[in-house]
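Following: one structure in structure tokens, then a few remarks.
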Amino acid sequence: MCGEADVELRIPSDEVEKLELRSGLPGAALGADPDDADLAVVLGGDGTILTALRRYAGRDMPVFAMNFGEIGFLATVERDDLDAGFARALAGGFEVLALPALTVTTSSGDRIAVNDVSFHRRQDLRVAELGYSVVGEELGQVRCDGLVVATPAGSTGYNLANGGP
Numbered sequence: 098m099c100g101e102a103d104v105e106l107r108i109p110s111d112e113v114e115k116l117e118l119r120s121g122l123p124g125a126a127l128g129a130d131p132d133d134a135d136l137a138v139v140l141g142g143d144g145t146i147l148t149a150l151r152r153y154a155g156r157d158m159p160v161f162a163m164n165f166g167e168i169g170f171l172a173t174v175e176r177d178d179l180d181a182g183f184a185r186a187l188a189g190g191f192e193v194l195a196l197p198a199l200t201v202t203t204s205s206g207d208r209i210a211v212n213d214v215s216f217h218r219r220q221d222l223r224v225a226e227l228g229y230s231v232v233g234e235e236l237g238q239v240r241c242d243g244l245v246v247a248t249p250a251g252s253t254g255y256n257l258a259n260g261g262p
């Protein structure tokens, strides 16, 4: 399909190794850097989709996800609609939805969270003492076992994972 649509499919090195792909895949550039592509097409479950969303967060690159997992909450199309969905993606026939994300700053650097961030007490402590701030403004402190901060997608994911509507 890529050759027919005059599209180059760029498959990053880690995926080439994971999927044990060999050369000769028509229209594919194996081991190519996908970071300047026009569209990221993701085949996988919600975990794989979350990885792609984190990778391309803050860039002008839509992530078009096809569900190959169990729930597929974050997927654009289901496995049964793969051909039609891929054709639609290549034709630009989709609406881009911007998902809010969280940036967490820790001693080991900044991390992006699309779903949620959880903070837990250390094993050797009875409670954690957590301070929290937003955009540098300290809002307060809390003593607790842990704390979960979720985006709208993350809170919905928790609901679905626990059997909610």
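When the sequence shown is numbered by my numbering, its final residue is 262 and no position is left out of the sequence of numbers.
In this text, a Cβ means the ideal position worked out from N, Cα and C, and glycines have one as well.
All of these numbers come straight from a predicted model, not from anything done at the bench.
Could you please give the first and the last residue of the uninterrupted alpha helix (DSSP H) stretch that includes D111? In the sequence shown, residue 111 corresponds to position 14, counting from 1. From DSSP, the alpha helix (DSSP H) with D111 extends over 110 to 116.
Closest by CA to D111, which one among T148, F216, G254? Position 14 of the sequence shown, counted from the start, is the residue given in the question as residue 111. Of T148, F216, G254, the residue nearest in Cα terms is T148.
Ends of the alpha helix (DSSP H) at I146? On the sequence shown, residue 146 is found 49 positions in, with the first residue counted as 1. Its alpha helix (DSSP H) spans residues 143 to 152.
Have a look at E175 and G237 and give me their C-alpha separation to the nearest angstrom. Translated into positions along the sequence shown, residue 175 becomes position 78. Translated into positions along the sequence shown, residue 237 becomes position 140. Approximately 43 Å between the Cα atoms of the pair.
Please work out which residues of its chain come closer than 7 Å, Cβ to Cβ, to V214, disregarding the five sequence neighbours upstream and downstream, and give them in chain order. By 1-based counting over the sequence shown, the position of residue 214 is 117. Taking C-beta separations shorter than 7 Å and ignoring five residues to either side along the sequence, the partners of V214 in its chain run L199, V201, V246, following chain order.
If you run the structure through DSSP and keep just helix, strand and coil, what is S230? In the sequence shown, residue 230 corresponds to position 133, counting from 1. For S230, the three-state secondary structure derived from DSSP is strand.
Since N256 is in the beta strand (DSSP E), which residue starts that stretch and which ends it? As a working mapping, residue 256 is identified with position 159 in the sequence shown. No beta strand (DSSP E) holds N256; the alpha helix (DSSP H) holding it covers 249 to 258.
DSSP beta-bridge partners of I209: Counting from 1 along the sequence shown, the entry for residue 209 is found at position 112. Looking at the DSSP output, I209 shares a beta bridge with T200.
Alpha carbon to alpha carbon, how far is A181 from N259? Translated into positions along the sequence shown, residue 181 becomes position 84. Translated into positions along the sequence shown, residue 259 becomes position 162. If you take the alpha carbons of A181 and N259, they lie about 31 Å apart.
Minimum C-alpha distance to D133 - residue among G144, G124, D143, P109: Locating residue 133 in the sequence shown gives position 36, counting from the first residue. When each option's Cα is compared against that of D133, the closest is P109.
Residue interval of the beta strand (DSSP E) (run including F183): As a working note, residue 183 is residue 86 in the sequence shown. Not the beta strand (DSSP E): F183 falls in the alpha helix (DSSP H), residues 179 to 187.
Could you check if T203 is buried or exposed, using at least 16 other CB atoms within 10 Å of its CB as the buried criterion? By one-based count along the sequence shown, residue 203 stands at place 106. With fewer than 16 neighbouring CB atoms inside 10 Å of its own CB, T203 falls in the exposed class.
What do you get for V139, buried or exposed, if any count of 16 or more other CB atoms within 10 angstroms of its CB means buried? Looking up residue 139 in the sequence shown gives position 42. Buried.
If L136 and P159 are in contact, beta carbons under 8 Å, what's the gap, nearest whole angstrom? Indexing the sequence shown from 1 puts residue 136 at position 39. Indexing the sequence shown from 1 puts residue 159 at position 62. Contact flag correct, Cβ pair sits at about 6 Å.
Three-way DSSP call (helix, strand, coil) for R107 in this model: As a first step, residue 107 is located in the sequence shown; it is residue number 10 there, counting from the start. Three-state result, R107: strand.
Span separating the alpha-carbon of R107 from that of R119: Against the sequence shown, residue 107 aligns to sequence position 10. Against the sequence shown, residue 119 aligns to sequence position 22. Using only the alpha carbons, I get a separation of about 13 Å.
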